[in-house]
Amino acid sequence: METGSDLKNRTAKGIGWGFVDNIMNTGFMALVNIVLARLLSPAEFGLVGMSTIFITLSNSLVDSGFTGALTRKKNAGEKDFNTVFYFNFGVSLLLYAVLYFCAVPISSFFRQPVLAQIIRIIGLSLIINALSIVQKVILIRKIDFRTQAIVSGISSVAAALSGIVLAVCGYGVWSLVVMQISRLAVNTVLLWIFSKWHPSFVFSFSSFREMFAFGGRLLLTSLVSTVWNEIYSLIIGRMYTPGILGQYNRAEKIKGMVTSNVSIVMQRVSYPVLSSVSDEREREIRVYRKVLKTTVIISFTLVLGMAAASEALVLTLIGGQWLQCVEYLRILCFSGIFLPLMICSANVINANGRSDITFYLELIKVASAGIPVLLGIFLSVEWLLWGIVAASFLSYMFHAMYVSKVIGYKVSEQFRDIFPILAISAVMALAVYALSFIDLPALPMLLLQISAGAGIVFAVYGLVYRCEEYEDIKGHLLGILRRK
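Heads up, the sequence shown is in our numbering, so the first residue is 1118 and it goes up one at a time.
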């Protein structure tokens, strides 16, 4: 039986390599997109954003909740892996056919004729991605993020080269399309090479029914969540212009460099760990508290710091043509502090087999999205974004209440653990924002703000508010630096 020390070590290593994987997979690609943002226009990014709405929704259908079901199943075997593989692949072929024939009506809806060609090519990513889903799950079950980090690094570099070269050569929006396709293609090929598992001709209907009983609810949850995430792009793309959608998507991507990376890493690492202790209530609460506090230390510090330094950050990274996304980014950062919290909550609920609750929570999220959608249609993009902040807060409150019901970790206790970290991050952000009134060029200002923010955080956590989770994060990072 795994001891508490072993579990802590596995979790720490998983978090470390998980961040490396996400830095290579999304963080590095975000940097590449920053380079491309200086070579391409906001409208070209907006066109790809329009197609992404439908690709993201289709990917949820391809997965159909089986990734979560397969990760959670403690005695998963060959028949389970093969069943999921062939189901994913079959659904991806079907959905690509649907997208292919719906491409023209979609382009007419957005009044962008070129969008039909973009959707038909970028839709191939559904099939490519489906071929590697099971290999990823097997690595996640082993908490083996080292292999995934290596694969992500190679595929990200290959995609970056293809995208930048095509952009420099004047291929415009197609450089973004080719970059996405090439990254997934290289990633899939490498996972097949590095993985010790390859499909055999086995399909079990009993295994399918067993996993779909759990995964089906996750599928509905994923679909509802995707609608909630993408409906804003849909409204902005239809009601405004590709350029404004590009500005919004760029702000969302910059915010996601923090919120999505933190959320994905903590989800992938904590889910198998929480599943392994779901039968031990007190231990589960201790593990979840540690995961929660670790998550908010990282996410609150980075997200609120980003909001405070958003103007210098945008001007330094992508230039003056993206100045409109500064205000969008500031507002989105306030909604971004709730995403990692909701991911943590959903993780512990799913680890206890209550995917029905996570589905209800996603329905609440979608229902709350009606407010920002109406604000976007009748008022402005800025009002839509403030509506997202309100909807995100409301949704998190419901998540916290259901965590209390499922594992007995009271809402008041959750807030008591979170509030000191939020207060520290808010004080840091206010100090960083005050520096923006100094008349300095963008790059020196950004460096000054980062240095000041880091100094305040280190001083407060080191001298005023001693926190075990902060010491663990610092110790792990120092350990990585020493090994290097």
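Cβ coordinates follow ideal geometry from the N, Cα and C atoms, glycine included.
* For H1315, does the three-state DSSP call read helix, strand or coil? -> Assignment of H1315 by DSSP, reduced to helix, strand and coil, places it in the coil class.
* To do: With DSSP as the reference, label T1475 as helix, strand or coil.
  => helix
* Skipping 5 residues on each side, what residues in its chain have a beta carbon closer than 6 Å to that of M1146? -> S1273
* **Beta carbon of F1204 nearer than 9 Å to that of P1316** => Going by C-beta atoms, F1204 is not nearer than 9 Å to P1316.
* To do: Quick one: using the 10 Å Cβ neighbour count with 16 as the cut-off for buried, is M1545 buried or exposed?
  => buried
* Pick from M1562, F1495 and I1460 that is closest to A1517, judged by C-alpha positions -> I1460
* **Euclidean distance between Cα positions of D1556 and T1433** => 15 Å
* Through-space distance from V1295 to P1537, alpha-carbon basis -> A straight line joining the alpha-carbon of P1537 with that of V1295 spans about 45 Å.
* Spatial distance of S1224 from Y1365 (CA atoms) -> 20 Å
* Are the beta-carbon atoms belonging to I1281 and S1299 less than 9 Å from one another? -> No, these two residues do not count as a Cβ contact at 9 Å.
* Give me the Cβ distance between L1236 and L1216, rounded to the nearest whole Å; I'm assuming they're in contact under 8 Å. => Correcting the residue type first, residue 1236 is Ile in the shown sequence and not Leu. The Cβ separation is near 6 Å, so the contact holds.
* To do: Return the CA-CA distance between G1525 and P1457, expressed in angstroms with no decimal places.
  => 20 Å
* To do: Out of A1484, S1485, L1501 and A1486, state which residue places its alpha-carbon closest to the alpha-carbon of L1492.
  => Comparing Cα positions, the closest option is L1501.
* Near F1198, which residues of its chain fall below 6 Å by C-beta distance, leaving aside the five closest residues on each side in sequence? -> Here the set comprises V1251.
* Buried or exposed: which applies to K1522, given that a residue is buried once 16 or more other Cβ atoms fall within 10 Å of its Cβ? -> exposed
* Asked: Which word fits M1514, buried or exposed, when buried means at least 16 other C-beta atoms lie within 10 angstroms of its C-beta?
  -> exposed
* **Option in G1163, A1543 and V1254 with minimal Cα separation from A1426** => A1543
* To do: Could you check what DSSP says for L1496 in three-state terms: helix, strand or coil?
  => DSSP places L1496 in coil when its eight states are reduced to three.
* Asked: Short check: CB of V1431 to CB of L1440, under 9 Å?
  -> yes
* Three-state secondary structure (DSSP) of R1583 -> coil
* Asked: Cα separation between Y1582 and L1496?
  -> 43 Å
* To do: Leaving aside the five residues before and after I1535 along the sequence, list all residues of the same chain whose C-beta is less than 6 Å from its C-beta, in chain order.
  => V1413
* To do: Could you say which of I1245, I1151, V1290 and Q1297 lies nearest to V1179 if we only look at CA atoms?
  => I1245
* Residue from S1462, A1468 and F1554 whose Cα sits closest to the Cα of V1520 -> It is S1462.
* Beta-carbon separation (whole angstroms), V1290 vs L1156, contact threshold 8 Å -> No, V1290 and L1156 are not in contact; Cβ-Cβ is about 11 Å, not under 8 Å.
* **Boundaries (first-last residue) of the alpha helix (DSSP H) holding N1192** => N1192 -> no alpha helix (DSSP H), and no H or E assigned at all.
* Residues near R1355 in its chain [Cβ-Cβ closer than 8 Å; skip 5 each side] -> F1226 and F1227
* Asked: What are the boundary residues of the alpha helix (DSSP H) that includes L1460?
  -> Strictly speaking, residue 1460 in this sequence is Ile, with Leu absent from that position. Note, I1460: alpha helix (DSSP H), L1456 to A1468.
* Asked: DSSP on V1408, reduced to helix/strand/coil?
  -> helix
* **Span separating the alpha-carbon of I1454 from that of I1435** => In this structure, the CA atom of I1454 is about 23 Å from the CA atom of I1435.
* When DSSP labels each residue in this structure, what does S1350 get in the three-state scheme? -> Helix at S1350.
* Asked: Do I1352 and I1494 have their C-beta atoms within less than 9 Å of each other?
  -> yes
* **Proximity of A1486 and V1344 at Cβ, strictly below 9 Å** => Yes, these two residues count as a Cβ contact at 9 Å.
* To do: Using a Cβ-Cβ cut-off of 9 Å, state whether N1366 counts as contacting chain D.
  => Protein chain content of the structure displayed is limited to a single chain, and chain D is not contained in it.
* Figure out for me which residue from I1238, I1481, L1419 and G1570 has the closest Cα to the Cα of S1553. => With distances taken between Cα atoms, S1553 lies closest to G1570.
* Asked: Since K1370 and N1150 are thought to touch, with beta carbons under 8 Å apart, how far apart are those beta carbons, to the nearest angstrom?
  -> 6 Å
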